[in-house]
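Trainee: There's a structure below that I have some questions on.
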Amino acid sequence: MESQYFEKETKTDNPLNKALTIALIILIFIGIIYLFFGIQNLSKETKYIGVESKNNTIEVVGSGVVYTVPDTAVASFSAITEEQTINLALSKNKEKINRVIDFLKRQGVNEEDIKNLDFNVYPKYQWQTTGVDLSIYPNGRRVIVGYEAVESLEVIIRKSDNIGRIIQGSIDAGASQVSNLKFIINDEEAIKEEARKLAIEDAKKKASEIATLLGIRIGNPSGFTEEYDVPKFLLSDGSTTGSGENMEIVVRENKIEARVNVLYDIK
125 MESQYFEKET KTDNPLNKAL TIALIILIFI GIIYLFFGIQ NLSKETKYIG VESKNNTIEV
185 VGSGVVYTVP DTAVASFSAI TEEQTINLAL SKNKEKINRV IDFLKRQGVN EEDIKNLDFN
245 VYPKYQWQTT GVDLSIYPNG RRVIVGYEAV ESLEVIIRKS DNIGRIIQGS IDAGASQVSN
305 LKFIINDEEA IKEEARKLAI EDAKKKASEI ATLLGIRIGN PSGFTEEYDV PKFLLSDGST
365 TGSGENMEIV VRENKIEARV NVLYDIK
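Here the sequence shown is numbered in this note's numbering, starting from 125 and rising by one per residue.
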C-alpha cells in the first residue's frame, strides 16, 4: 500500500515541476531581451560626434568668449481706459493705442514689428447701499459702475539706443504702461560662430602645449563636442534712470561663451 501511494504522488508532481521549469525559462528569456534593448538604448544616448575614445588619445577643452551689447529691445506697450460704458471705454482706448502706434512708426519702428499682444474688457464693481433694498441686501450690493478696456502691443525696437526716448514718447502719446522690457542680440548666430572659432583656437593651442610637455606628437581630431552659454533675454539688465525727456535706458554688455571638447589621436 505504501509503495502504491508513493508512486501515485510522484506521478502527480511531475506536471507541476515541468510547468515551473517552463515558466522559469520564459522569464529568463524575457529578462535577456529587456537587458539587450536596454543596452541598445543606452548606447544610443551616449553617442557623440567622432569615433570611440581610444587609449592613444588626449582630450582638451577650449573656451572662447565674446562680449557684445544687445542691439534690439522688446517691450509691451499697453493702453488702459476706464469709462461708464463699454462703448466709450473701447473707443477712447482705441484712440490711445492708435496714437501710440503712429508715434512708434514715426520713430522708425517697422509695422511688422508692432503686434497685438492681448485685448480685454473688465467690468468695474463697487459696493453700494444707496438705492438698494437693505431688507434683501443688508450689507449692500455689488453693482457695475463702469468698464476698463486694456489693449497691449508687443513692439520690437531694433535700435536699442533709442529705447528711452521711445518709451517716454509712447507714454506721452497715450500708453498707460510699458512693461516686460527685454534686450536681445539680433544676429546671435554670428556672435556664437565668433566665440566658437576662439574656443577651437584655444583647444588647438592647449593640445600643442600638452604635446610639447609630454614629448608626443598629436594627429588629427577624432572627436568633437560643443556647447554655448548665451543669454537669450536680458530682463531688467537695462536700468531706467531719470524721467520725462531725460529718461535713459542703460544697456549692459553681455558675455557669450563657447566651450569645445576636442579629442586628438596620438601618433
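We put the CB at the ideal spot given by N, CA and C, even for glycine.
Since this is a predicted model, take the numbers as computed values, not measurements.
1) For N211, which of D257, E272, D296 and S303 has the nearest alpha-carbon?
2) Which whole-angstrom value is the C-beta distance of Q231 and I291, which I expect to be below 8 Å?
3) Counting along the chain, where does the alpha helix (DSSP H) carrying I280 start and finish?
4) Which whole-angstrom value describes the C-beta separation of E278 and S202, a residue pair presumed to lie in contact below a C-beta threshold of 8 Å?
5) What span of residues does the alpha helix (DSSP H) with N217 cover, start to end?
6) What residue does the alpha helix (DSSP H) around G200 start on, and which one ends it?
7) Closer than 6 Å by C-beta to S276: which residues in its own chain qualify, once you throw out the five before and the five after it? Chain order, please.
8) So, with DSSP's three-state summary, where would you put S346?
9) Do you know offhand how far E350's Cα is from V384's?
10) Helix, strand or coil for G255? Go by DSSP, reduced to three states.
11) Using alpha carbons as the reference points, say which of I182, Y191, V184 and T145 lies closest to R376.
12) For A299, which residues of its own chain have a beta-carbon under 7 Å away from its beta-carbon, when the five flanking residues on both sides are left out?
13) So for G288, helix, strand or coil by DSSP?
14) For the segment 292-343, which segments carrying the beta strand (DSSP E) assignment without a break, of at least 3 residues, lie completely within its bounds, in sequence order?
15) Sorted by chain position, which residues of the same chain lie with C-beta nearer than 7 Å to I238's C-beta, five sequence neighbours on each side aside?
16) Going by DSSP, name the residue or residues bridged to E183.
17) Quick one: what does DSSP say I260 is sitting in, helix, strand or coil?
18) In whole angstroms, what is the alpha-carbon distance linking E207 and Q250?
19) Sorted by chain position, which residues of the same chain lie with C-beta nearer than 7 Å to G99's C-beta, five sequence neighbours on each side aside?
20) Going by CA-CA distance only, name the one from V193, Y246 and V189 that's closest to N217.
21) Relative to the alpha-carbon of F307, which residue among D195, T181 and D296 has its alpha-carbon at the smallest distance?
22) Start and end of the beta strand (DSSP E) containing V354?
23) For V190, which residues does DSSP report across the bridge?
24) Determine, using beta-carbon pairs with one atom in the segment 324-340 and one in the segment 181-188, whether at least three such pairs fall under 8 Å.
25) E372 lies in the beta strand (DSSP E); which residues open and close that run?
26) Among the residues of its own chain, which have a CB less than 6 Å from the CB of Q301, if the five just before and after it don't count?
27) Report the option in Q252, D257, S259 and I260 whose CA atom is closest to the CA atom of I268.
Mentor: Working from what's here:
1) E272
2) No, Q231 and I291 are not in contact; Cβ-Cβ is about 11 Å, not under 8 Å.
3) I280 -> not in any alpha helix (DSSP H); beta strand (DSSP E) instead, spanning R265 to I281.
4) With a Cβ gap of about 10 Å, E278 and S202 do not count as contacting.
5) I210 to R230
6) It is Ser, not Gly, that sits at residue 200 in the sequence shown. Here S200 belongs to no alpha helix (DSSP H); instead the beta strand (DSSP E) covers T196 to E207.
7) S200, S202, L241 and D242.
8) Secondary structure of S346 (DSSP, three-state): strand.
9) 4 Å
10) coil
11) Y191
12) F201, S202, A203 and V224
13) Helix at G288.
14) 301-308
15) I225, L228, L277 and V279
16) DSSP, once it has assigned bridges, lists L387 as partnering E183.
17) coil
18) E207 and Q250: Cα-Cα distance of roughly 14 Å.
19) Residue 99 cannot be examined here, being either before or after the span of the chain that is shown, 125 to 391.
20) Y246
21) D195
22) That residue, V354, is in no beta strand (DSSP E); it is neither H nor E in DSSP.
23) Beta-bridge pairing links V190 to I380.
24) In this structure the segment 324-340 touches the segment 181-188; the number of beta carbon pairs closer than 8 Å is three or more.
25) E372 to V374
26) S202
27) Q252
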